[in-house]
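So that you can map any letter, position 242 of the sequence shown is 887 in the working numbering, and since no number is skipped, the others follow by simple counting.
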Amino acid sequence: MRAVTFQAPGEVRVEERPDPELQAQDDAIIRVDATGVCGSDLHIYHGRVQIEPGFTIGHEFVGTVLEAGDGVTRVAPGDRVCGTFQTACGTCFFCMRGAFHKCDDSRTFGHGKVLGSLQGTQAERALIPHANMTLRTIPDGVGDDVALFAGDVMGTGYHAVEQSEIKPGDSAAVVGLGPVGLCAVQVAVAAGAAPVIAIDSVPQRLELARSFGAFPVHLTEDNPREAVKGATEGRGVDAAIDAVGHPDALDLAIRLTRKAGVVVAIGVYAEPCQVHMGLVWIKALTLRSGHANVIGHVDRVLGMLASGKLDPTPLVTHHMGLDDAAEAYALYDRREAMKIVLSP
Ligand SMILES: [Zn+2]
Ligand SMILES: [Zn+2]
């Protein structure tokens, strides 16, 4: 089969790889029908996240089940399925408490040895461990481009909003309108937040946020702090989401949030990050962090995608063939695409 492999920083290649084979009773093999290129893939492409040369990348996928082990009960060969970017065992201390994203035995697709040596999904076929946990059948009427978001980007937007404890009528701010930020905007609007203040410096992203029902605020041409004050009788928003993963974004989220509010850092952090802890403390903020519990949310997210409450279709800017992966990564790296969907 063909697979997109990491070679060196700035270089991916389509290579021949052996077809995957079932290894455990609860494994499945899928034919990949569509697979996304994600911001996390770009960290690998840049060499910031280090993986072995030749490793197959990719972790957003929809496909068709080809084979399933005897222990797989929730999906069967022929089923059209989508999956989550990471696996969970379902039985460890953390899984038993619903924290599937912190499973002791978790593996992430396409992230090399450090995250469980699980080959990625930018390939013609993929091995899916713990298929009962990792895969879901796609509801009728939900297209590949939409289902692709359930187990990663929209699941992450959902997680950010769930962590923010937003209730109908609460105000919210989302800092950073990449795919995850824009999905968080959609979920916050669907959750009844009003207003949802969406902050970025790219006009097209602000326009998308507006079309999703948010109030767009330009990071530098407008004044986010004044905009938030004006919309909240000077208090600050009930919850703010940092969808960037940069100290400046987190600092802004902290400043935009009202006393006793919630700040969610859903953007990726890998290094020490200096924020004004005195401000967090004096405002009695709740600060939550970590990547999304996509397995915990995927059924609800699929339900909202099926009903049309959430619709990531406008985020898909490019459809390309798997063989065009090198071009797709270069394009994404130049920030000329929002979401690229590759078809094997
Ligand atoms: Zn991703
Ligand atoms: Zn577990």
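Glycine included, each C-beta is placed from N, C-alpha and C at the ideal position.
All values reported here derive from a predicted model rather than from experimental measurement.
Cβ-based neighbour list, residue i, same chain, cut-off 6 Å, excluding 5 preceding and 5 following
| i | result |
| --- | --- |
| Y690 | Y974 |
| D832 | Reading off the sequence shown, one finds Val at residue 832, where the question assumed Asp. Hits under 6 Å: G802, Y803, V806. |
| T931 | V907 |
| H963 | A982, I985 |
| R719 | N777 |
| T877 | S816 |
| A898 | V820, A885, D887, V908 |
| G860 | Going by the sequence as given, residue 860 is Phe instead of Gly. The answer, listed in chain order, is P840, I842. |
| F794 | P957 |
| R933 | Q808, V909 |
| V995 | With the chain covering 646 to 989 only, the question about residue 995 has no answer from this structure. |
| Y914 | G890 |
| R725 | T709, I783 |
Other residues of its chain near residue i: CB distance less than 7 Å, five sequence neighbours each side excluded
| i | result |
| --- | --- |
| E810 | A884, V907 |
| L895 | D887, A910, C918, V920 |
| N938 | A744, F745, H746, H804 |
| C737 | C748, D749, D750 |
| V873 | A818, I842, G881, V882, L901 |
| E712 | L667, A673, I674, P722 |
| C740 | A733, C734, C748 |
| Q670 | G714, D715, G716 |
Residue i - containing alpha helix (DSSP H), residue span
| i | result |
| --- | --- |
| I696 | From DSSP, I696 is part of no alpha helix (DSSP H); its letter is neither H nor E. |
| L853 | 848-856 |
| A653 | No alpha helix (DSSP H) contains A653, which is instead part of the beta strand (DSSP E) from 647-653. |
| S809 | 798-809 |
| I940 | 939-952 |
| L901 | 892-901 |
| T766 | T766 -> no alpha helix (DSSP H), and no H or E assigned at all. |
| D956 | That residue, D956, is in no alpha helix (DSSP H); it is neither H nor E in DSSP. |
| L780 | First-last for L780: 780-782, but that is the beta strand (DSSP E), not the alpha helix (DSSP H). |
| A876 | 869-876 |
| I927 | 922-927 |
| C918 | Segment: none, C918 is in no alpha helix (DSSP H) and carries neither H nor E. |
| L793 | No alpha helix (DSSP H) holds L793; DSSP gives it neither H nor E. |
| V720 | Counting along the chain, V720 falls outside any alpha helix (DSSP H), and DSSP gives it neither H nor E. |
| D978 | 970-978 |
| A759 | A small correction: the amino acid at residue 759 is Val; Ala does not occupy that position in the sequence shown. No alpha helix (DSSP H) contains V759, which DSSP labels as neither H nor E. |
| Q831 | 824-835 |
Unbroken beta strand (DSSP E) run spanning residue i, endpoints
| i | result |
| --- | --- |
| D590 | A question about residue 590 goes unanswered here, because the residues of the chain that appear run from 646 up to 989. |
| G966 | 961-966 |
| H863 | 860-863 |
| K984 | 984-988 |
| A713 | 705-713 |
| E656 | 656-661 |
| T931 | 931-934 |
| K747 | From DSSP, K747 is part of no beta strand (DSSP E); its letter is neither H nor E. |
| A733 | Run containing A733: none; DSSP gives neither H nor E here. |
| A819 | Going by the sequence as given, residue 819 is Val instead of Ala. Where V819 is concerned, the enclosing beta strand (DSSP E) stretches over 817-820. |
| I674 | 673-682 |
| D887 | 882-887 |
Nearest-angstrom Cβ-Cβ length linking residue i and residue j, presumed shorter than 8 Å
| i | j | result |
| --- | --- | --- |
| L667 | G714 | 5 Å |
| I842 | V882 | 7 Å |
| V787 | A951 | 5 Å |
| A637 | S751 | Missing from the structure shown is residue 637; the chain here goes from 646 to 989 and no further. |
| P869 | L901 | 7 Å |
| A854 | V830 | 5 Å |
| E705 | D797 | 5 Å |
| L987 | V682 | 7 Å |
| V862 | I844 | 5 Å |
8 Å Cβ shell around residue i - same chain, five flanking residues per side excluded
| i | result |
| --- | --- |
| R647 | V659, E660, E661, R662, A768, E769, L967, D968, P989 |
Residue i at chain B interface by Cβ criterion, 9 Å
| i | result |
| --- | --- |
| V925 | Judged by its chain identifiers, the structure shown contains no chain B, having just a single protein chain. |
* **Chain-ordered residues, beta carbon under 5 Å from a heavy atom of ligand 1** => C683, S685, D797
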